[in-house]
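Residue 87 in the working numbering sits at position 87 of the sequence shown; the count goes up by one each step and never skips.
Ideal placement from N, C-alpha and C gives every residue a C-beta, glycine not left out.
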Amino acid sequence: MSMRPPKPQGPLQVDKATHHSLELNWEAQLQQAAAEQSGEDGRLRVEVQWCRFENTWEVAYKGFDVRCVCAGLEPNQEYQVRIRFGNGHGWGDFSEPVTSKTAAKPFSGEDLHRYIRRRNLDALVNVLETGEANPNAPDDKGFTPLAEAALEGLLDYCQALLDHRADVNWSGDNGKTCLMLVAYKGKPEVLQWLLESANASLHPRDRNGLSALHYAVDGEQLDNVRLLLDAGADLHAKDNAGCTPLLRCAQHRNNGNAALAVELLNRGALVDETDSSGQTALFYCVMNRHEKLAAVLLHHGADIRATNSRGLSVLKATDGQQPDRKAMRALLLEHEEKRRSEQQQKSA
1 MSMRPPKPQG
11 PLQVDKATHH
21 SLELNWEAQL
31 QQAAAEQSGE
41 DGRLRVEVQW
51 CRFENTWEVA
61 YKGFDVRCVC
71 AGLEPNQEYQ
81 VRIRFGNGHG
91 WGDFSEPVTS
101 KTAAKPFSGE
111 DLHRYIRRRN
121 LDALVNVLET
131 GEANPNAPDD
141 KGFTPLAEAA
151 LEGLLDYCQA
161 LLDHRADVNW
171 SGDNGKTCLM
181 LVAYKGKPEV
191 LQWLLESANA
201 SLHPRDRNGL
211 SALHYAVDGE
221 QLDNVRLLLD
231 AGADLHAKDN
241 AGCTPLLRCA
251 QHRNNGNAAL
261 AVELLNRGAL
271 VDETDSSGQT
281 ALFYCVMNRH
291 EKLAAVLLHH
301 GADIRATNSR
311 GLSVLKATDG
321 QQPDRKAMRA
331 LLLEHEEKRR
341 SEQQQKSA
């Protein structure tokens with residue numbers, strides 16, 4: 001006698017529960033229902049429904065397979081699921097609902113950043129110990145949890161991250177490492193800790209070719225410059241534009257830090273080193289009106305007649321009627337005259 005399929009017997013099997021899905025399996029029920037059918041009843045098909053709240057059933061799947069995945073669910077929530085079979089005579093009754101719970105949402109880098117900002121070390125360690133969160137996951141600014149903690153001076157947080165696989169030399173697409181960021185505006189004691197306790201490398205460059213020493217100079221951090229030089233940072237390293245740290249000191253209009261230049265020069269920086277356009281630090285002092293820095297460079301023997309790749313000399317660059325250019329030209333000529341006089345006295 002032909003009839004609709006029977007009500008599925010036995011519990012619907014949940015093969016896997018994630019924080020956003022339930023993987024369901026009804027192979028056993030389908031085999032049992034098929035055994036009770038005649039050949040005239042047609043091929044069995046299935047309809048799967050799920051609901052989170054009472055009497056709000058939604059169709060999750062219709063077809064001929066023996067499993068499906070209910071996706072897009074909320075984490076750590078209970079859901080009910082049920083199935084029914086159909087054939088050429090129509091649909092049978094639904095099975096008894098089975099209650100299953102999605103998994104809790106796994107921890108992520110967002111949680112690490114959140115607990116650093118909230119100053120909750122215990123919660124940070126708890127997340128790290130689950131092994132679920134990537135300890136190098138950057139935030140929307142590109143900072144890793146380690147970089148964020150280091151910039152805030154939270155050394156105990158930094159140590160916890162390193163103890164759980166954080167990479168002190170990790171960098172994203174921009175190539176910036178934790179050491180570079182701390183060198184730029186961080187505390188000297190944190191920079192020293194990164195160098196001595198965390199074994200941060202001095203060698204990485206960002207996508208513009210800048211080293212940690214370049215960053216310390218750009219940030220006008222004299223103590224950080226000294227720490228990096230003591231650790232062996234390369235005074236003569238050039239970025240993608242051919243600039244050494246000394247050149248960067250003069251190149252930026254808002255820098256011109258004479259104390260930094262003195263430190264670099266006393267450590268062996270080349271006063272007349274040129275960038276890819278053939279310009280020296282003194283040339284940039286003229287362009288950016290860094291008179292104090294220019295005086296330092298001149299004291300260390302900077303050549304006022306050095307020319308760039310276009311044949312323009314430092315002295316020629318001071319031509320013009322602007323008062324600042326006149327003052328810079330007077331400074332250059334005064335030092336040249338003083339040097340000439342000293343040479344004459346030595347030869348006399």
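Under the rule that 16 or more other beta-carbon atoms within 10 Å means buried, what is residue i, buried or exposed?
i           : result
residue 183 : buried
residue 135 : buried
residue 218 : buried
residue 323 : exposed
residue 138 : buried
residue 239 : buried
residue 232 : exposed
residue 53  : exposed
Can you find the residues in the same chain that come closer than 6 angstroms, C-beta to C-beta, to residue i, ignoring five residues on each side of it along the sequence?
i           : result
residue 180 : 212 and 215
residue 186 : 151
residue 241 : 275 and 276
residue 164 : 128 and 135
residue 269 : 235 and 246
residue 284 : 250 and 251
Rounded to a whole number of angstroms, what is the C-alpha to C-alpha distance between residue i and residue j?
i           : j           : result
residue 90  : residue 27  : 20 angstroms
residue 309 : residue 274 : 10 angstroms
residue 113 : residue 161 : 11 angstroms
residue 280 : residue 271 : 8 angstroms
residue 40  : residue 87  : 10 angstroms
residue 352 : residue 121 : Limits of the chain in this structure are 1 at one end and 348 at the other, which puts residue 352 out of reach.
residue 7   : residue 107 : 41 angstroms
residue 286 : residue 192 : 35 angstroms
So, for residue i: in the same chain, excluding its five sequence neighbours on each side, which residues have a beta-carbon less than 8 angstroms away from its beta-carbon?
i          : result
residue 48 : 24, 26, 59, 60, 61, 62, 68, 70, 81, 82 and 83
Under 7 angstroms Cβ to Cβ from residue i, same chain only, skipping five residues before and after it: list those, please.
i           : result
residue 66  : 25, 26, 27 and 30
residue 104 : 19, 75 and 76
residue 147 : 178 and 181
residue 253 : 288
residue 331 : 291, 294 and 295
Per DSSP, what kind of secondary structure is residue i in: helix, strand or coil?
i           : result
residue 148 : helix
residue 170 : coil
residue 340 : helix
residue 129 : helix
residue 62  : strand
residue 87  : strand
residue 99  : strand
residue 251 : helix
residue 117 : helix
residue 334 : helix
residue 80  : strand
residue 216 : helix
Problem set entry | alpha helix (DSSP H) segments (min. 4 residues) lying fully within the region 2 to 56 | The qualifying runs are 27 to 35.
Exercise. Taking only runs of the alpha helix (DSSP H) that begin and end inside the region 152 to 206, which ones reach a length of at least 4 residues, in chain order?
Worked result: 155 to 163, 178 to 185 and 188 to 196
Problem set entry | Every unbroken alpha helix (DSSP H) within the region 256 to 281, with a cutoff of 4 residues, ordered by chain | 258 to 266
For this session: List in chain order: all unbroken alpha helix (DSSP H) runs of 4+ residues lying wholly within the region 289 to 314.
Result: With a minimum length of 4 residues, the continuous alpha helix (DSSP H) runs that stay inside the region 289 to 314 are 291 to 299.
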